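Numbering (my numbering), first residue to last: 20 to 319. C-beta: ideal position from N, C-alpha, C; glycine also. None of these values were measured; they are calculated from a predicted model. For reference, the structure discussed in these notes is given below.
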Ligand code: ZN
């Protein structure tokens with residue numbers, strides 16, 4: 020095609036202009052990408068080296084926002100003044116107090132048993148031991164960031180507390196966030212973790228309309244950070260693969276007046292999940308995920 024005919028009609032001229040614009044765009048993109056590369060590569064370098072890049076005067080327009088990987092984690096911000104309540108599910112001593120934990124308590128919407136023993140792995144590792152271990156690890160991480168951390172029980176009670184009291188401990192602490200730590204007892208072969216969010220319910224002392232929204236935000240952050248820290252998949256047996264499940268039948272959520280979620284860290288009855296749950300190194304990663312999710316929520 021000769022140049023003469025190249026501009027012979029407006030349609031082709033339009034096409035040419037588009038072509039020129041595309042070439043300019045590609046050149047610009049290549050230049051842009053090269054500059055952006057510096058920022059991307061800085062993701063793995065100490066944060067102190069970042070200002071050198073951003074303070075460099077450039078004739079080009081402002082650079083695009085850094086990629087998520089280059090964004091400082093929100094854990095850089097201290098949690099001073101924030102109150103976190105961790106609720107280690109069940110109690111290792113519950114098994115010795117069957118009648119006490121079986122009594123009914125008022126959860127607003129209905130009656131529920133005070134507490135349960137929880138589940139255990141095939142090898143006998145109790146959920147109540149797991150929840151205490153993970154919660155203690157998360158406490159260490161959150162306190163290191165300046166948060167005030169309270170427990171509903173620290174293996175220091177004969178049983179329980181009952182689910183209504185667990186909720187009230189978070190309420191009276193005016194907690195900014197509460198996470199109840201559990202591991203599930205689903206059939207073997209079902210795997211993964213999920214976060215339980217409070218449904219908006221009303222009845223008796225239960226009224227979760229105000230906390231359902233912020234609890235979802237907390238739950239979504241805990242889900243994301245838990246997934247990143249542990250590499251675990253969302254449960255394949257509940258929540259349609261979202262890792263989230265909304266429930267209106269849990270006293271610990273129904274009676275809460277502060278943002279609160281449960282996390283079921285895995286399925287203790289599944290042999291593959293159990294291999295992780297019994298591993299202290301995996302539990303440290305689980306605690307890191309939970310602490311980071313809480314931190315993200317508090318710094319949002
Ligand atoms: Zn449980």
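Let me know the secondary structure DSSP gives residue i once reduced to three states.
{"i": "residue 237", "result": "helix"}
{"i": "residue 77", "result": "Model confidence at residue 77 stands at a pLDDT of 40, short of 50, so the residue's coordinates are unreliable; what they give is reported in the following sentence. Residue state, collapsed to three classes: coil."}
{"i": "residue 207", "result": "coil"}
{"i": "residue 98", "result": "coil"}
{"i": "residue 60", "result": "Unreliable placement is indicated for residue 60, whose pLDDT of 32 sits below 50; no coordinate value is reported for it."}
{"i": "residue 279", "result": "strand"}
{"i": "residue 272", "result": "helix"}
{"i": "residue 318", "result": "coil"}
{"i": "residue 215", "result": "strand"}
{"i": "residue 50", "result": "Reliability of the predicted coordinates at residue 50 is poor, the pLDDT of 39 falling under 50, and no value is obtained from them."}
{"i": "residue 2", "result": "There is simply no residue 2 to check, as the chain begins at 20 and stops at 319 in what is shown."}
{"i": "residue 186", "result": "helix"}
{"i": "residue 254", "result": "coil"}
{"i": "residue 202", "result": "strand"}
{"i": "residue 106", "result": "strand"}
{"i": "residue 196", "result": "strand"}
Buried or exposed: where does residue i fall if 16 or more other Cβ atoms within 10 Å of its Cβ makes it buried?
{"i": "residue 139", "result": "buried"}
{"i": "residue 308", "result": "buried"}
{"i": "residue 121", "result": "exposed"}
{"i": "residue 201", "result": "buried"}
{"i": "residue 107", "result": "buried"}
{"i": "residue 141", "result": "exposed"}
{"i": "residue 314", "result": "buried"}
{"i": "residue 238", "result": "buried"}
{"i": "residue 285", "result": "buried"}
{"i": "residue 180", "result": "buried"}
{"i": "residue 158", "result": "buried"}
{"i": "residue 288", "result": "buried"}
{"i": "residue 223", "result": "exposed"}
{"i": "residue 306", "result": "buried"}
{"i": "residue 143", "result": "exposed"}
{"i": "residue 189", "result": "buried"}
{"i": "residue 137", "result": "buried"}
{"i": "residue 259", "result": "exposed"}
{"i": "residue 175", "result": "exposed"}
{"i": "residue 310", "result": "buried"}
{"i": "residue 293", "result": "buried"}
{"i": "residue 163", "result": "exposed"}
Can you round the beta-carbon distance between residue i and residue j to whole angstroms, since I take them to be within the 8 angstroms contact cut?
{"i": "residue 116", "j": "residue 146", "result": "Not a contact, Cβ separation roughly 16 angstroms."}
{"i": "residue 241", "j": "residue 214", "result": "6 angstroms"}
{"i": "residue 178", "j": "residue 247", "result": "Actually they do not touch by this definition, with Cβ atoms about 35 angstroms apart."}
{"i": "residue 256", "j": "residue 209", "result": "4 angstroms"}
Output yes or no for whether 8 angstroms exceeds the beta carbon distance between residue i and residue j.
{"i": "residue 170", "j": "residue 105", "result": "yes"}
{"i": "residue 254", "j": "residue 204", "result": "no"}
{"i": "residue 191", "j": "residue 230", "result": "no"}
{"i": "residue 271", "j": "residue 186", "result": "yes"}
{"i": "residue 135", "j": "residue 225", "result": "no"}
{"i": "residue 279", "j": "residue 251", "result": "no"}
{"i": "residue 182", "j": "residue 131", "result": "yes"}
{"i": "residue 282", "j": "residue 198", "result": "yes"}
{"i": "residue 218", "j": "residue 262", "result": "no"}
{"i": "residue 124", "j": "residue 161", "result": "no"}
{"i": "residue 244", "j": "residue 312", "result": "yes"}
{"i": "residue 295", "j": "residue 156", "result": "no"}
{"i": "residue 207", "j": "residue 290", "result": "yes"}
{"i": "residue 273", "j": "residue 96", "result": "no"}
{"i": "residue 249", "j": "residue 301", "result": "yes"}
{"i": "residue 316", "j": "residue 236", "result": "yes"}
{"i": "residue 193", "j": "residue 265", "result": "no"}
Note down, one range per segment and in chain order, each alpha helix (DSSP H) of at least 4 residues found wholly within the region 112 to 182.
-> 117 to 121, 146 to 163
At 4 residues or longer, and completely inside the region 285 to 316: list those alpha helix (DSSP H) runs for me, N to C.
-> 290 to 296
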